[in-house]
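In my numbering, the protein residues as written are 1 to 275. No residue lacks a Cβ here, since even glycine has one placed at the ideal position from N, Cα and C. Since this is a predicted model, take the numbers as computed values, not measurements.
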């Protein structure tokens, strides 16, 4: 059934065999495979979100995630600190609305999410794409720098998740996606002002998944394991629109096969965190 939906030609030759043709190639499955296919119909995807908040929207992953969810019929709230740049992006995304927000400010987050609910409705999906930090060695990191690292990468996730998690749990469905990085897994000499916050963000995502998963809320953590660039000439950089497509597919995953964590990297670039 899945191959039929993708456009593959499927021919049932006899009750005892199944021939599958894809681009001229063929294979023959046994009775057991046929029986399994009939007994296990294609998995049912989760309904597409109707209202999505993308926190951390800029010219890159955040913008393209917003575009992909909007293309799926979602009303999208765009969050970032720079109101001017945010408005320019929102004008090019049908069904989106811009909200200037510092996600580390609890009072402001509360007010902005109240406005989102009033304007767009209850939130079905939250993509936390906020990140930042100082790429320096430990001897050049100040207390203020490290505090900002934790606030940006972890506190903001907590504050925004608190705004949507309870209602998602009540409804028994929803999606919270978190953008991670190589530094979510591995600290390097020059990431002393970045990796700690990313480690903490990953840990918080795990806690959210443990808490909200059994209540029907899908939490995922995506490790962006390399550089990101819109240039189609680069084989070693990920394209933000492809990352966005992956995020959208994760939001629709069947409940019987949820992903918590995955790593993405460009095909010509070796994965950093797992090798």
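Taking one beta carbon from each stretch, the segment 59-71 and the segment 98-113 have fewer than 3 pairs nearer than 8 angstroms; the two do not touch. Residue 61 is positioned such that its CB atom lies closer than 8 angstroms to that of residue 243. As DSSP reads the structure, residue 181 sits in a beta bridge with 224. Take the alpha-carbon of residue 111 and the one of residue 245: they are about 30 angstroms apart. Excluding the 5 residues flanking it on each side, residue 87 has same chain C-beta neighbours closer than 6 angstroms at 98, in chain order. 82 is the residue among 82, 49, 48 whose C-alpha sits nearest the C-alpha of residue 58.
When DSSP states are grouped into helix, strand and coil, residue 64 belongs to the helix group. Judged by DSSP secondary structure, residue 117 falls within the alpha helix (DSSP H) whose first and last residues are 106-120. Excluding sequence positions up to five before and after residue 116, its CB lies within less than 7 angstroms of the CB of 53, 77, 99, 123, all in the same chain and listed in chain order. According to the DSSP assignment, residue 91 belongs to no alpha helix (DSSP H), since it is labelled neither H nor E. Per DSSP, residue 45 lies in no beta strand (DSSP E) segment and is marked neither H nor E. Counting along the chain, residue 263 sits inside the beta strand (DSSP E) bounded by residues 261-264.
Collapsing the DSSP output to three states places residue 193 in a strand. Put simply, the backbone Cα of residue 197 is about 17 angstroms away from that of residue 105. Ranked by how close their Cα comes to the Cα of residue 178, the residues 46, 259, 75 have 259 in first place. In the three-state DSSP reduction, residue 141 falls in the coil class, being neither helix nor strand.
Non-local C-beta neighbours of residue 133 in its own chain, meaning closer than 6 angstroms and more than five positions away in sequence, comprise 149, 193, 194, 197, ordered along the chain. In this structure, the alpha-carbon of residue 202 lies about 32 angstroms from that of residue 92. By the criterion of a C-beta distance shorter than 7 angstroms, residue 252 is surrounded in its chain by 45, 46, 48, once the five residues flanking it on both sides are discounted.
Cα atoms of residue 147 and residue 154: separation of roughly 10 angstroms, rounded to the nearest angstrom. With respect to residue 55, residue 152 sits apart: the two C-beta atoms are not nearer than 8 angstroms. Per DSSP, residue 171 is one residue of the alpha helix (DSSP H) stretching across 156-171. In chain order, 101, 103, 159, 160, 163 place their CB closer than 7 angstroms to the CB of residue 109, counting only its own chain and leaving out the 5 sequence neighbours on each side. Taken atom to atom, the span from the alpha-carbon of residue 130 to that of residue 213 is near 22 angstroms. Residue 228 and residue 141 have their C-alpha atoms spaced approximately 26 angstroms apart. DSSP, read as helix, strand or coil, puts residue 96 in strand.
By the Cβ neighbour-count rule, residue 135 is exposed, with fewer than 16 other Cβ atoms within 10 Å of its own.
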